[in-house]
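Have a look at the structure below, then the notes.
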Ligand SMILES: Cc1cc2nc3c(=O)[nH]c(=O)nc-3n(C[C@H](O)[C@H](O)[C@H](O)COP(=O)(O)OP(=O)(O)OC[C@H]3O[C@@H](n4cnc5c(N)ncnc54)[C@H](O)[C@@H]3O)c2cc1C
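Residue numbers (our numbering): 1 to 457.
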């Protein structure tokens with residue numbers, strides 16, 4: 001196998017034995033890594049196709065990898081597979097200002113694409129904390145969400161065209177550039193979010209938006225959950241489509257930041273039930289900040305918001321976002337943690353937060369449960385530290401969190417995908433008929449089951 005693969009890629013394109021660094025195994029600790037047969041780093045779609053033809057003929061399993069920032073073990077090899085890393089396919093192939101599109105190879109880093117577009121007055125809307133390592137192929141294959149979904153949708157909404165290599169090596173080049181194209185099935189959607197189980201994403205045409213001329217960020221303290229919901233509704237109706245982010249942090253998270261994250265500086269006093277980070281993306285720099293301030297003042301008069309601060313500089317804006325995104329130093333002090341990415345109807349979120357905090361504390365007195373997330377998208381993240389990292393403890397906490405989600409009709413995965421970590425819980429959010437159709441699709445596209453086996457289904 002190795003001899004045959006050596007004939008497809010160049011010397012730097014094949015790693016074996018001790019040359020396989022931790023990056024390709026499980027640097028983030030999601031799932032348990034086995035030893036792969038080798039790592040391949042192709043430089044072109046033609047090479048990817050040749051690799052897949054060979055693996056298909058020999059029934060050789062493959063694990064696709066991008067930046068390995070995934071949080072559910074989707075890119076982690078389980079043992080014996082060929083790791084296929086797209087990290088050397090990093091060309092930005094075309095920028096079309098009139099058509100507002102960017103054509104990229106799959107290995108382009110998200111932040112590189114951002115910087116390229118912003119330098120030309122455009123934006124690629126998808127943004128997330130792992131922007132420095134996540135790749136375009138990875139964010140497409142996981143249908144990533146992030147912090148601007150409320151305004152621009154998930155990655156799916158920013159993909160116009162896709163090139164995919166199927167399990168048998170067939171190249172499906174569907175590099176559409178139009179916003180409208182109803183000529184038959186829109187095949188790209190099958191691959192977006194399929195976590196490398198249906199095909200290898202090699203290139204994409206992304207939809208760009210005009211870069212907003214002004215970005216304003218505020219932090220608000222709110223006492224009751226119902227007021228958080230009402231505040232979101234008020235912003236949606238008064239901002240006329242300019243709401244870019246609505247991120248909510250429960251009081252437990254605020255307290256944790258104050259106690260365990262010395263580098264973060266919350267802008268408001270402690271003691272509120274909820275803290276909300278609001279960001280607006282507008283086009284009138286002279287008026288947008290005043291508009292946000294007046295909406296906040298009005299919300300305070302109505303009694304929805306108890307306290308608020310608007311960032312007055314780029315530095316302050318970054319400091320507000322750091323509270324939401326950079327709590328890693330604190331998480332590391334908690335010992336083993338279980339983290340969750342779930343979605344549910346917005347109305348149910350207050351009840352969800354209370355219920356899981358209570359149930360986890362009953363099972364593990366003294367446990368820390370932190371709730372925060374992209375509330376405007378119906379998506380919350382939970383971090384639970386129960387003092388134990390054993391499989392039994394993790395299963396018990398999973399059952400508590402996903403059990404509440406199932407009862408609420410929510411999803412066990414809002415944006416991170418299923419990978420290996422949530423496989424056992426897929427049926428808690430999908431019907432048997434839905435799962436059977438997923439299996440039918442998988443069999444049709446990958447009859448030998450070589451693409452990312454053991455993931456998702
Ligand atoms: C700090 C931090 C913050 C994050 N915030 C968010 C967030 O807000 N929203 C969000 O949605 N996610 C978030 N994530 C998760 C992660 O960044 C995303 O899942 C991202 O899309 C993964 O991209 P990647 O290139 O690292 O893919 P990888 O981790 O390498 O792979 C992810 C999955 O996609 C498959 N895959 C990768 N490339 C390809 C390809 N070219 N073709 C086919 N399959 C492929 C892999 O097999 C795997 O199943 C965060 C992660 C971190 C570490």
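Glycine included, every Cβ here is placed at the ideal spot set by N, Cα and C.
{"Item": "Would you mind stating whether residue 208 and residue 117 have Cβ atoms separated by less than 7 Å?", "Value": "yes"}
{"Item": "Can you give me the Cβ contacts of residue 456 inside the same chain, cut-off strictly under 6 Å, excluding the 5 residues immediately before and after it?", "Value": "195, 197 and 418"}
{"Item": "Of all the alpha helix (DSSP H) runs that stay within the bounds of the segment 90-119, which reach a length of 4 or more residues?", "Value": "110-118"}
{"Item": "Could you name the residues of the same chain whose beta carbon sits closer than 6 Å to that of residue 137, not counting the 5 residues immediately before and after it, in chain order?", "Value": "66, 86, 106 and 201"}
{"Item": "Going by CA-CA distance only, name the one from 424, 110, 18 and 438 that's closest to residue 36.", "Value": "18"}
{"Item": "Beta carbon of residue 262, beta carbon of residue 219: below 7 Å?", "Value": "no"}
{"Item": "Using the C-alpha atoms, what's the distance from residue 348 back to residue 382?", "Value": "15 Å"}
{"Item": "What does DSSP give as the partner residues of residue 379 in its beta bridges?", "Value": "343"}
{"Item": "Taking residue 206 as part of the beta strand (DSSP E), name the residues at either end of that continuous run.", "Value": "200-207"}
{"Item": "Using only the alpha-carbon positions, how far apart do residue 251 and residue 128 sit?", "Value": "23 Å"}
{"Item": "Residue range of the alpha helix (DSSP H) that residue 368 falls in?", "Value": "From DSSP, residue 368 is part of no alpha helix (DSSP H) but of the beta strand (DSSP E) over 368-373."}
{"Item": "Do you know how far the Cα of residue 415 is from the Cα of residue 189?", "Value": "15 Å"}
{"Item": "What three-state label does DSSP hand residue 216 in the structure shown?", "Value": "strand"}
{"Item": "May I ask you to report which of helix, strand or coil DSSP gives residue 222?", "Value": "strand"}
{"Item": "Sorted by chain position, which residues of the same chain lie with C-beta nearer than 7 Å to residue 393's C-beta, five sequence neighbours on each side aside?", "Value": "386"}
{"Item": "Should residue 40 be counted as a contact of ligand 1 given a C-beta to heavy atom distance under 6 Å?", "Value": "no"}
{"Item": "Just to confirm, is the Cβ distance from residue 377 to residue 150 under 7 Å?", "Value": "yes"}
{"Item": "Any heavy atom of ligand 1 within a distance shorter than 6 Å of the CB on residue 60?", "Value": "no"}
{"Item": "In this structure, what does DSSP give as the bridge partners for residue 249?", "Value": "275 and 372"}
{"Item": "Can residue 64 be considered in contact with ligand 1, in the sense that its beta carbon sits closer than 6 Å to one or more heavy atoms?", "Value": "yes"}
{"Item": "Looking at the strands, I want to know which residues DSSP matches up with residue 284.", "Value": "None; residue 284 has no bridge partner."}
{"Item": "In three-state terms, what does DSSP make of residue 123?", "Value": "strand"}
{"Item": "If we require 4 or more residues per run, which alpha helix (DSSP H) segments fall completely within the segment 140-206?", "Value": "149-152 and 188-191"}
{"Item": "Go through its chain and collect everything with a Cβ distance to residue 253's Cβ below 7 Å, but skip five positions before and after it.", "Value": "370, 371 and 372"}
{"Item": "Which same chain residues, not among the five before or five after residue 120, have their C-beta less than 8 Å away from its C-beta?", "Value": "95 and 97"}
{"Item": "So, are the CB atoms of residue 308 and residue 296 less than 7 Å apart?", "Value": "yes"}
{"Item": "Helix, strand or coil for residue 475? Go by DSSP, reduced to three states.", "Value": "It is not possible to answer for residue 475, since the shown part of the chain is limited to 1 through 457."}
{"Item": "Taking 6 Å as the cut-off, is the beta-carbon of residue 144 closer than that to any non-hydrogen atom of ligand 1?", "Value": "yes"}
{"Item": "Is residue 460 helix, strand or coil by DSSP?", "Value": "The question about residue 460 has no answer, for the chain in this structure spans 1 to 457."}
{"Item": "Would you list the one or two residues that DSSP bridges to residue 453?", "Value": "Partner(s): none; residue 453 has no beta bridge."}
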